[in-house]
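Just so we're aligned: 152 in my numbering is position 164 of the sequence shown, and the numbers increase by one with no gaps anywhere.
Beta carbons are placed, not taken as given, at the ideal position from N, Cα and C, and that holds for glycine.
As structure tokens, the structure follows; a few thoughts come after it.
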Amino acid sequence: KYTSGSSATRGLAMKGTTRDHLCVSVFRSPSWLKRGLFGLLVLFLAPVSIKFLLDLIQHFVYTHRVRVLFFNDLSQPADFSLNHTINMYLTSEEGISLGVWHTVPDRLWKEAQGKDLDWYQKSLTDGSPIFIYLHGNTVVYLQVLSALGYHVLVPDYRGFGDSAGEPTEPGLTTDALCIYHWVKSHSGNSLVIIWGHSLGTGVSTNTAVKLADQGVIFDGVILEGAFNSARQEIPVHPFIWYYWKYPGIGIFFPKPWDRNVVVFPTEENLKKMKSPILFLHSEDDHLVPIPIAQQLYEVALNAQNAERVKLVTFDGSLGYLHNGLYRDPKLPGILKNFVQSLQFLKNG
């Protein structure tokens, strides 16, 4: 099921009657002291809260309530200067509608003006490689891939963007499977490549394994800023990395984390995957340290071979961190070479 969107381009307060000397002295202190005490209170309460609030951990993983594009209408890609992109909605399962952007190759931008969903759907049969971009929490690579002559489909998982529902690991995997099957049913024999970034790497490998269980192999998989499991990622999450320098702090995190259903076992998935894989990772990644990428690469390499598994790292002096690889001028060439290698493998 799908419907069309736009055819253009995607205080501290204390209550009570008792005033002892401590309270009076604190609230008559300079404002900097009040702020300092409040800050210390927050730093103390945050890890304690996490021990009891499992839902908070889910939001640490997905951060789907953080809306960078809060004031934009995602159904209007033109608002984002995407002039050959359409917004559509796919039904992943009952009650779950996913917002999806489809950007056609740059060479079709003039022809795409004013076209409807049917035209965009038919364009998938033109033989151009098709990327399904499963984002983490950052900008998409629409312009880069479109300029290389590729179609790009960018879905918002359930609970993200204008998609319905709340995110769960099985739910996100179901959403990715929905997008893949829809693309394959409309694209003939074109290459279909899945690109996962950050959170999307876990979704990508989950999806690849689910498809493999059905006898289906992705033509190619790109894993950018990949983590080895969601449980491994939490110590370096931007909201909680501060606490891990304190001895014994782990008592607050592992127990509720172990009871949380979010896993994304990327390392285990790589042992089962048969698709060619390209790892992309910045050496100064502050969320997922480079040794994790190297570890995952070795796991995938042992499961396949050097012809089918590649690792490309980016020098830390470039300052790309976790979200900035799209700025690298060499990236288009890296992607083009990977696609060409996939075409060679597919054609035998």
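Burial state of residue i, where buried means 16 or more other Cβ atoms lie within 10 Å
i	result
G(-1)	With a pLDDT of 37 at G(-1), under the threshold of 50, the modelled position of that residue is not reliable, and no figure is offered here.
D163	buried
K233	In this prediction, K233 has a pLDDT of 46, which is less than 50 and means its spatial position is unreliable; what the coordinates show is noted afterwards. K233 is exposed by the Cβ-count criterion.
S116	buried
P317	exposed
A294	exposed
R23	exposed
I45	Interpretation of I45 is limited by its pLDDT of 49, a score under 50 that renders its predicted location unreliable; the figure taken from the coordinates is listed afterwards. That one is buried.
L268	buried
L136	buried
N75	buried
N335	exposed
V297	buried
L21	exposed
S192	buried
D273	buried
First and last residue of the uninterrupted beta strand (DSSP E) at residue i
i	result
P143	H139 to P143
Y168	It is not in any beta strand (DSSP E) - Y168 instead sits in the alpha helix (DSSP H) that spans E157 to H174.
N75	T73 to E81
S270	I265 to S270
V209	G208 to E212
V300	V297 to F302
S217	Taken as a continuous stretch (DSSP letters only), S217 belongs to no beta strand (DSSP E), as it is neither H nor E.
V88	I84 to T91
Close-in-space but distant-in-sequence residues of the same chain around residue i (CB under 6 Å, 5 per side omitted)
i	result
I210	W183 and L266
I322	V300
M2	For M2, the pLDDT reaches just 37, beneath the cut-off of 50, and the residue's location in the model is therefore unreliable, although a value from the coordinates is still provided. Result list for M2: empty, nothing under 6 Å.
G153	I84, R146 and G147
R55	Low confidence applies here, because R55 scores a pLDDT of 48, under 50, leaving its location unreliable; read the following figure in that light. Cβ within range, chain order: n/a, list empty.
Y50	Residue placement at Y50 is poorly supported in this model, since its pLDDT is 49, which falls under 50; the coordinates are not used for a value here.
S151	L86, G87 and D144
K262	I205
V197	N257 and K260
Y308	S270 and F302
Proximity test, residue i beta-carbon vs the ligand NAD heavy atom, cut-off 7 Å
i	result
P155	The ligand content of the structure shown is nil, which means the ligand NAD is not present either.
When the options are compared against residue i, the one with the closest alpha-carbon
i	options	result
I278	D316, S186, G208 and F148	S186
P158	L179, N194 and G336	N194
P143	D106, R296 and L78	L78
V204	I84, K260 and G312	K260
N257	I181, L199, D106 and D114	L199
D207	T161, G213, E81 and Q331	Q331
S178	Q328, A291 and W89	Q328
I167	Q64, R95 and E81	E81
F252	G190, L165 and L306	G190
I120	Q64, L96 and I181	I181
L141	G102, P264, W89 and D273	W89
A291	R95, T161, P320 and P264	P264
Q282	L25, L319, P65 and G213	G213
Start and end residues, alpha helix (DSSP H) containing residue i
i	result
I284	Sequence check: residue 284 is Leu here, not Ile. Counting along the chain, the alpha helix (DSSP H) containing L284 begins and ends at I278 to A291.
V197	L187 to D201
S151	It is not in any alpha helix (DSSP H) - S151 carries neither H nor E in the DSSP assignment.
D319	As written in the sequence, residue 319 is Leu, which differs from the Asp given in the question. Where L319 is concerned, the enclosing alpha helix (DSSP H) stretches over L319 to N335.
E255	T254 to L258
A135	L130 to A135
Same chain, Cβ closer than 8 Å to residue i, five either side skipped, listed in chain order
i	result
V92	H72, T73, A100, Y108, S111, S134 and H139
Close-in-space but distant-in-sequence residues of the same chain around residue i (CB under 7 Å, 5 per side omitted)
i	result
D303	E271
S175	L112, T113 and I118
E255	N216, S217, L284 and V287
W170	L78
K172	V180
T161	V191, N194, T195 and K198
C-beta neighbour in chain D for residue i, strict 8 Å
i	result
G24	Of the protein chains in this structure there is only one, and it is not chain D.
* To do: Let me know the beta strand (DSSP E) ranges lying completely inside the segment 98 to 126, each 3 residues or longer, listed in chain order.
  => 118 to 122
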